[in-house]
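Sequential numbering from -7 applies to the sequence shown in the numbering used here. All C-beta atoms in this analysis are idealised placements derived from N, C-alpha and C, irrespective of residue type, glycine included.
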Amino acid sequence: MAEGLHQPLSPALHRVLRRAVLDHATAEHRKAFLPLVHVGIPGRREAVFAVRPDEPTDHALRTDIVSAMVRRVRQPGPAPMVWLTRRDPLDAQDVDLAWLASTRSAYGELGLPLVMVVVNRHGWRDPRSGLSRSWHRLRAPAGR
């Protein structure tokens, strides 16, 4: 089977991915902002790293960053997921692929299953499988 997410998604995973998009859409109001790498579970514990163009990284450093973030947030239960938030359309970009390669390495070294998506204000996309979901008007569930 090919890497990445495939249909059908479990209802729990669908909720978590929707939550990542909703959190990003409601928290980020600026027109321009740095891409952010998140590790954890959306709506729960997470670690965040800002991808700064003036602080270049290489594959090994990005792998170490992801590994450290996983160790910071890991708890009993499901493995933490990785999501990269950015402003541009969800088509694959260099920043996505660079962090995907390093995240694969980090999760491989840690022996963890990898769920990684790229998130913008309107949806998410798995950079490995291409599976995506988008919403025109995403709203918080009642009672949140």
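In the three-state reduction of the DSSP assignment, His30 falls in the strand class. Leu102 has its alpha-carbon roughly 25 Å from the corresponding atom of Ala84.
For Ala(-6), the secondary structure class from DSSP, reduced to helix, strand or coil, is coil. Between Val74 and His30, the gap from beta carbon to beta carbon is short of 9 Å.
In the structure shown, Val8 adopts helical secondary structure according to DSSP, grouped into three states.
By the Cβ test, the segment 40 to 49 is not in contact with the segment 6 to 21, since fewer than three Cβ pairs between them sit closer than 8 Å. In this structure, the alpha-carbon of Gly32 lies about 23 Å from that of Asp86. Spatial neighbours of Glu(-5) in its own chain (CB-CB distance under 6 Å, excluding positions within 5 residues in sequence) are listed in chain order as Arg120.
The beta carbon of Ala71 lies closer than 6 Å to those of Leu104, Pro105 in the same chain, with the five residues before and after it left out. Proximity of the segment 108 to 115 to the segment 45 to 56 falls short of the contact definition, fewer than three beta-carbon pairs being nearer than 8 Å. The bridge partners DSSP lists for Phe41 are Val29.
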